[in-house]
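**Q** What follows is a single structure, and I will ask about it in a moment.
Protein chains in written order, with my numbering: chain A, 1 to 245; chain B, 1001 to 1289; chain C, 2001 to 2334.
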């Protein structure tokens, strides 16, 4: 198991945003985290990423306890994450953005440069390398966000709604990119709202609702789960649908 | 006995510190922004009082005049400068009010020269003997009024509709917008309020203590210490901390020497940063980067 | 290509300046202004490392300047040593202080750091101003007449000018080497987005601290150079807040976070300050700071990137204009 999260809970004061979440991710898997807004998936995600410290439970990565590890330590260990709203380094060029990521494992400038160019080729940003990052629109920024993390050679990539706000065509390209990354042997955990993406990409899905995990399994199975339908549509809809036949 | 005297004096001055520091912490809490020119706002309040005294109006006009003048200035500064730099890099945010501080300070030096002045004698002169402790009438009045106004500010923020609108913007700007509150207007108002609190504090101090354009710098630092001790964005915290700092300053001045009282206060500031940056009433999460 | 020309012109100009100016009537005075200009540039470049590249706005750099100024002169006053010996010690003290200030404050939000730097600078100024060993309010003097050549006492400003220029060149080189290195990229990432930088493995706190310490060391050198040239320092001239302000505005006006910005800032501001001092006489310094305050505000409001940023926006249009002119000339000639 590459990633083992056991009974992870996170409370903000008296508000229990996440309660006893469990997830095991094996090397090479693509796992999706889904659920309505405020369901706790973002909280869980941020606990995995090292942005939030869980108030209960434990998280192990590659057999190392990372429950209380900092974001910096996460990156060093091989966990990379993107941000929902791309945190682009606006004042720097696209190449420089990626180089910051590359410098993690390649301390010399020439090596970092080579790695960065390689990643830019993989993500299709090579032609724009010397342009300012500011010049990119949202799809480009999301792509850059992913490129930057890739350059740091992660073993596990945590994608935070990396495909939100994209047009259908852009979504296709993004799915392609995620597949390419996966083909490199990188394990992926993705938080996503867009069902189409989850159904196509994820091999396994974990569903959150009101701070708890309510279902886990193959995407095609999970969408038929009555509890999941209940969570999304709410208020006994499923039961009513059943009755109507 | 003299120790007690020093303590009382310190508490009275501390009330004034509480007043103007409340203004600073309000802005900090609302906009995550430090106004480096806040000390100069206090200083300007003092000089407004001076100008008012020159046109032979009585001391009862000082406070309101300073409040109005500084409120206006606060709003103008927000609309013309702060609003725009808020979206920019940290450097320009810090530079903006820092530049303002320089401008105000040296303009005051240029116009009023660097001598310390006092306001002309009024009905407020003279000392009172309260059970062996001598307190100047002016200092007593300044301290009491400041305490009342600081409390009033707290009440305004927590118990009025206007106050809750201001706090809503501080809490969650987007949510406030959705509720029909204009964050921009509220922030401008907050700046006006903050500057006014500084101005009134200045006017009150001018009645009781000598002043010069150089005090702005000192008060800015005092305000920093008070808000840091009191806690990020907490007006009650600033109030309590104001009294504490006033007291500590007075006692340090008495026990160690007037020269070192500033040293003690700044040293306290560094100590607070080192040991408990969230201050007395902060929760800690806001201070971490 | 354009940038290469620009820096060649700049360094060339700086190199020949004292010679060129010696042909004018006020040659001596202008050479002195030149020395001040170069010194101001060194200080601004030093601040630029932590304030410009890393984006951590220190408003208390006078601490390090003052340290660099006081320690060498103390070496003379207490041990009759040539001030030059004190320079490395000044650096060590400055770097230590930077570490002490940075350690607690760099884990907090940026504003705390700025406030702390102001407070500590004031604190030190007050303490020094009342400590007899350090000259109290009167200050400390260096050797009045040269005993050995490495006392570095010259009548003319020209030797100082070239010593300063050499140090400036070294400072710029250090900045350039740093900016292109892993450390430099990490600094810029911290300025551009701390949270994202952290997620990429940038050791934020340690990096900020090192930048601050490097900046402190270079600032200390600037202070030492000042003390050696002027031969005197007191709490006002060595530790006053205006010294910190001067460094910030010089770097920011030219372009904080750029390689040559601080030098450009010095080229604009030092002659300006000299001129206002001459026009307005003794009270000129008050008006100078009113002007500074106004400039800083305008800078923050309209062009925080300083002169370099302004140039970057304007010059493409200028070049286009020139090229269009050249094309029409050629078309006409053909």
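Every residue gets a Cβ at the ideal spot worked out from N, C-alpha and C, and that includes glycine.
Beta-carbon of residue 107(A) versus every beta-carbon of chain C: anything under 8 Å?
**A** Reading the first chain from its first residue, position 107 is the one you call residue 107(A). Chain C, which has a Cβ nearer than 8 Å to the Cβ of residue 107(A), makes this yes.
**Q** Answer yes or no: does any C-beta atom of chain D fall closer than 8 Å to that of residue 2061(C)?
**A** This model lacks chain D altogether; the protein chains it does include are A, B and C.
**Q** CB-CB under 6 Å to residue 151(A), same chain, minus the five flanking residues each way: which ones, in chain order?
**A** As a working mapping, residue 151(A) is identified with position 151 in the first chain. So the list reads 98, 101, 102, 115, 116 and 119, once near-sequence residues are dropped.
**Q** I need the DSSP call for residue 34(A), collapsed to helix, strand or coil.
**A** Along the first chain, one-based indexing puts residue 34(A) at 34. If DSSP states are grouped into helix, strand and coil, residue 34(A) belongs with the strands.
**Q** Could you check how far apart the C-beta atoms of residue 189(A) and residue 33(A) are, in whole angstroms? I think they sit under 8 Å.
**A** Taking the first chain and counting its residues from 1, one reaches residue 189(A) at position 189. Taking the first chain and counting its residues from 1, one reaches residue 33(A) at position 33. That pair is a contact at about 7 Å.
**Q** If you compare alpha carbons, which of 2070(C), 2199(C), 2132(C) and 2143(C) is closest to residue 160(A)?
**A** One-based indexing of the first chain puts residue 160(A) at position 160. The shortest Cα separation from residue 160(A) among 2070(C), 2199(C), 2132(C) and 2143(C) belongs to 2199(C).
**Q** Mind pulling the chain A residues with CB within less than 8 Å of residue 2203(C)?
**A** Numbered from 1 along the third chain, position 203 holds the residue referred to as residue 2203(C). Correct list: 72.
**Q** Going along chain C in order, which residues have a C-beta closer than 7 Å to the C-beta of residue 1092(B)?
**A** Here the question's residue 1092(B) lines up with position 92 in the second chain. What residue 1092(B) touches in chain C: 2300 and 2304.
**Q** Nearer than 7 Å: is that true of the beta carbon of residue 2119(C) relative to any heavy atom of the ligand COA?
**A** Looking at this structure, you won't find the ligand COA or any other ligand, since it has none at all.
**Q** Closer than 6 Å by C-beta to residue 2047(C): which residues in its own chain qualify, once you throw out the five before and the five after it? Chain order, please.
**A** In the third chain, the residue the question calls residue 2047(C) occupies position 47. Contacts found: 2061, 2247 and 2251.
**Q** Please tell me whether residue 2165(C) has its Cβ less than 8 Å away from any Cβ of chain A.
**A** On the third chain, residue 2165(C) is found 165 positions in, with the first residue counted as 1. No - not a single Cβ of chain A is within 8 Å of the one on residue 2165(C).
**Q** Could you give the distance in angstroms between the alpha-carbon of residue 1031(B) and the alpha-carbon of residue 1170(B)?
**A** For the purposes of this step, residue 1031(B) is taken as residue 31 along the second chain, with counting starting at 1. For the purposes of this step, residue 1170(B) is taken as residue 170 along the second chain, with counting starting at 1. Approximately 7 Å, taken between the alpha carbons.
**Q** Assuming contact is defined by CB atoms lying nearer than 8 Å, are residue 2289(C) and residue 1047(B) in contact in what I supplied?
**A** For this step, residue 2289(C) is matched to residue 289 along the third chain. For this step, residue 1047(B) is matched to residue 47 along the second chain. Against a cut-off of 8 Å, the Cβ pair of residue 1047(B) and residue 2289(C) comes out as no contact.
**Q** In the DSSP output, what is residue 2053(C) paired with across the bridge?
**A** Along the third chain, read from residue 1 onward, the residue named residue 2053(C) stands at position 53. DSSP, once it has assigned bridges, lists no residue as partnering residue 2053(C).
**Q** Pop quiz: residue 45(A) and residue 158(A) are said to be a contact at Cβ under 8 Å. What is the actual Cβ separation, rounded to whole angstroms?
**A** Counting from 1 along the first chain, the entry for residue 45(A) is found at position 45. Counting from 1 along the first chain, the entry for residue 158(A) is found at position 158. Yes, residue 45(A) and residue 158(A) are in contact; Cβ-Cβ is about 6 Å, under 8 Å.
**Q** Residue 104(A) to residue 74(A), Cα distance in whole Å?
**A** Numbered from 1 along the first chain, position 104 holds the residue referred to as residue 104(A). Numbered from 1 along the first chain, position 74 holds the residue referred to as residue 74(A). Computed Cα separation, rounded: 12 Å.
**Q** From what residue to what residue does the alpha helix (DSSP H) around residue 1074(B) run?
**A** In the second chain, residue 1074(B) corresponds to position 74, counting from 1. Unbroken alpha helix (DSSP H) run through residue 1074(B): 1059 to 1077.
**Q** From residue 1015(B) to residue 2249(C), what distance separates their C-alpha atoms?
**A** The residue given as residue 1015(B) occupies position 15 in the second chain. The residue given as residue 2249(C) occupies position 249 in the third chain. Going from the Cα of residue 1015(B) to the Cα of residue 2249(C) covers about 36 Å.
**Q** When you compare the CB of residue 2118(C) with every CB in chain B, is at least one pair closer than 8 Å?
**A** Numbered from 1 along the third chain, position 118 holds the residue referred to as residue 2118(C). Yes, residue 2118(C) counts as interfacial toward chain B.
**Q** Could you pull out every residue in the same chain whose Cβ sits closer than 6 Å to the Cβ of residue 212(A), ignoring the five residues on either side in sequence?
**A** Along the first chain, one-based indexing puts residue 212(A) at 212. Answer for residue 212(A): 19, listed in chain order.
**Q** How big is the Cα-Cα spacing for residue 1073(B) and residue 1192(B)?
**A** Translated into positions along the second chain, residue 1073(B) becomes position 73. Translated into positions along the second chain, residue 1192(B) becomes position 192. Roughly 7 Å between the two C-alpha positions.
**Q** Looking at the secondary structure, which residues open and close the alpha helix (DSSP H) in which residue 1108(B) lies?
**A** Residue mapping note: residue 1108(B) aligns to position 108 of the second chain, counting from 1. Its alpha helix (DSSP H) spans residues 1090 to 1112.
**Q** With contact counted as at least three CB pairs below 8 Å, one residue from each stretch, are the segment 1206 to 1217 of chain B and the segment 1139 to 1154 of chain B in contact?
**A** Taking 8 Å as the limit for Cβ pairs, the verdict is that the segment 1139 to 1154 of chain B does touch the segment 1206 to 1217 of chain B.
**Q** Looking at the unbroken alpha helix (DSSP H) that takes in residue 84(A), where does it start and where does it end?
**A** Against the first chain, residue 84(A) aligns to sequence position 84. Unbroken run through residue 84(A): none, as it is neither H nor E.
**Q** Along the beta strand (DSSP E) that carries residue 188(A), what are the first and last residues, could you check?
**A** In the first chain, the residue the question calls residue 188(A) occupies position 188. Counting along the chain, the beta strand (DSSP E) containing residue 188(A) begins and ends at 187 to 191.
**Q** Against chain C, which members of the segment 1075 to 1090 of chain B pass a CB distance test of less than 7 Å?
**A** So the list reads 1081, 1084, 1085, 1088, 1089 and 1090, given in the order they occur along the chain.
**Q** Please report the residue range of the beta strand (DSSP E) in which residue 20(A) lies.
**A** The count along the first chain starts at 1 and reaches residue 20(A) at position 20. 15 to 25 is the extent of the beta strand (DSSP E) around residue 20(A).
**Q** What first and last residue would you give for the alpha helix (DSSP H) that runs through residue 2313(C)?
**A** As a first step, residue 2313(C) must be located in the third chain, where it is residue number 313. First-last of the alpha helix (DSSP H) with residue 2313(C): 2306 to 2333.
**Q** Looking only at its own chain, which residues have a Cβ that is under 6 Å from the Cβ of residue 965(B), when we skip the five neighbours before and after it?
**A** Any question about residue 965(B) goes unanswered here, given that chain B covers just 1001 to 1289.
**Q** Could you please tell me which residues of the segment 1047 to 1070 of chain B, in chain order, have their CB closer than 9 Å to any CB of chain C?
**A** The segment 1047 to 1070 of chain B vs chain C, Cβ under 9 Å: nothing.
**Q** Which residue's Cα is closest to the Cα of residue 192(A): 7(A), 47(A), 42(A) and 113(A)?
**A** Position 192 of the first chain holds residue 192(A). Comparing Cα positions, the closest option is 42(A).
**Q** Any beta carbon from chain C within less than 8 Å of residue 66(A)'s own beta carbon?
**A** Working through the first chain from its first residue, we reach residue 66(A) at position 66. With 8 Å as the cut-off, residue 66(A) does not count as an interface residue toward chain C.
**Q** Just to confirm the assignment, what range does the beta strand (DSSP E) spanning residue 3(A) have?
**A** Along the first chain, one-based indexing puts residue 3(A) at 3. Where residue 3(A) is concerned, the enclosing beta strand (DSSP E) stretches over 3 to 12.
**Q** Assign residue 1284(B) to one of two classes, buried (16 or more other C-beta atoms within 10 Å of its C-beta) or exposed (fewer than that).
**A** Taking the second chain and counting its residues from 1, the one referred to as residue 1284(B) is at position 284. Interpretation of residue 1284(B) is limited by its pLDDT of 48, a score under 50 that renders its predicted location unreliable; no figure is taken from the coordinates.
**Q** Could you tell me whether the Cβ of residue 226(A) comes closer than 8 Å to any Cβ of chain C?
**A** Taking the first chain and counting its residues from 1, the one referred to as residue 226(A) is at position 226. So no, residue 226(A) is outside the interface.
**Q** Within its chain, find whatever has a CB closer than 7 Å to the CB of residue 2051(C); leave out the 5 residues flanking it on each side and keep chain order.
**A** As a position in the third chain, residue 2051(C) is number 51, starting the count at 1. Within the same chain, residue 2051(C) has close Cβ partners 2057, 2058, 2248, 2251 and 2256.
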